[in-house]
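Step one of this worksheet: look at the structure below.
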Amino acid sequence: MAEQIKSEGPNSDEIDYWNGPQGENWVAENRLTDLMYEPFGDKTIERAEFTPGERILDIGCGCGTTTLKLADLVAPDGGITALDVSTLMLSIARERTKSAAVPVKIINDDAETHHLAPETFDVMFSQFGLMFFRNPKKAFASFHAALKPGGRIAFVCWRDPERNPWLVTPFEAVHHFKPEMEVPNPDARASPFSFASKKKVEALLRDTGFVDVHLESFETKAMMGEGTLEECIGYVTKFASSVAAVIRDRSDVEGLEVIDTLQNALAPYHNGDSIELAASAWIVSAKRP
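Be aware that the sequence shown starts at 349, since it is given in our numbering, and climbs by one per residue.
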């Protein structure tokens, strides 16, 4: 595996996070996470209207699932640059994209601070990878400059916590085990819900030079895990960072208590094959003039 990027800069906490235990969990459970996120990514891809020959930047590409889809859409003459802070996940992406339909350049770096050559890309795409910047204006100004005139950006981000019980319900179930955990907060500078406000996202894009800004709400069911309730709970204990953090801090016996509490909270939502809870996101698009 390639050497991990240095934990430095404004997003050093995100670099640590995605190269630590939670990054390992996401690699281990990548297939199920791909299935859960697929409806959101596919809707964003549809909005972007990719065409053959385009040059794409996939921001927060993770293990490369969206990168492979984008490669098929811009083949045979297009190209993909895939960027992520997680050395762990990019080790998977590198192997997977060897069979991509077009050349894929993998970059292990922070999208906020990485130098992007001016007027290089036709489209910038991200599946839940843009909400965590400490300085979002700096990041989006860089994205704008790196787009060719007339270029597009398309991404998906979570709406407010109240519309996302798939993420909030597990947190609430285990919060009392670790009350110092930060409650999901749309006002936080960098969090899963930091782009929940439509007005905030519209202002950010317009302030950094984008036009034709459009946000479309997208509601679906998040399918967490597959199989029996116990198997699905096993997935949630790894995917949900709040649950994983609580379990890591406890002995095996105490961890079983956490799992039992979580199972009781999520059992009503098990449909026989998966844990199914409502989820809501913004599908966002804009252009560089």
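We put the beta carbon where it would ideally sit given N, CA and C, even for glycine.
These numbers come from a predicted model, not from an experiment.
Per-residue burial, residue i [other beta carbons within 10 Å of its own, 16 or more giving buried]
i	result
D432	buried
E362	buried
V601	exposed
S599	exposed
L418	buried
A459	buried
A615	exposed
D555	exposed
L604	exposed
R537	exposed
K635	buried
R379	exposed
A627	buried
N456	buried
P540	buried
Beta-bridge pairing of residue i - partner residues as DSSP gives them
i	result
V504	Q475, I631
Reduced DSSP category for residue i - H, G, I as helix; E, B as strand; rest coil
i	result
A294	Coverage of the chain is limited to positions 349 through 637, which leaves residue 294 absent and any answer about it impossible.
M529	coil
I455	strand
Y398	The question names Tyr, but residue 398 in the sequence shown is Phe. Coil, per DSSP.
F469	strand
L464	coil
E624	strand
G499	strand
S590	helix
T370	Sequence check: residue 370 is Gln here, not Thr. Helix, per DSSP.
P387	helix
R311	Outside the shown range of the chain, which is 349 to 637, sits residue 311, and nothing can be said about it.
A613	helix
D608	helix
I353	coil
A449	coil
E377	coil
G603	helix
P509	helix
D382	helix
R598	coil
Limits of the alpha helix (DSSP H) - the one that residue i falls within
i	result
I363	360-366
G582	577-587
N619	It is not in any alpha helix (DSSP H) - N619 carries neither H nor E in the DSSP assignment.
F491	484-494
E346	Any property of residue 346 remains undetermined from this structure, which presents the chain solely from 349 to 637.
V522	513-522
I440	435-444
K417	413-422
Limits of the beta strand (DSSP E) - the one that residue i falls within
i	result
E567	559-572
L405	403-407
Cβ of residue i within 8 Å of any chain D Cβ
i	result
P484	Reference to chain D is not applicable here, since this structure consists of a single protein chain.
Specify whether the stretch 546-561 and the stretch 512-530 touch according to this definition: at least 3 beta carbon pairs, one from each stretch, less than 8 Å apart. no
Taking one C-beta from the stretch 574-591 and one from the stretch 373-386 each time, how about it: are there three or more such pairs within less than 8 Å? yes
Would you check if the stretch 539-554 and the stretch 503-510 touch, i.e. whether three or more CB-CB distances between them fall below 8 Å? yes
Counting beta carbon pairs with one atom in the stretch 591-609 and one in the stretch 509-525, are three or more of them shorter than 8 Å? yes
Taking 8 Å as the cut-off, does the stretch 389-401 touch the stretch 469-479 (at least 3 CB pairs, one atom from each stretch)? Short answer: they touch.
Would you call the stretch 438-450 and the stretch 408-425 touching, i.e. three or more CB-CB distances under 8 Å? yes
Below 8 Å, how does it come out for the stretch 486-493 and the stretch 459-470: are there three or more Cβ pairs, yes or no? Verdict: yes, contact present.
I want to know whether the stretch 564-572 touches the stretch 619-636 - three or more CB-CB distances under 8 Å. yes
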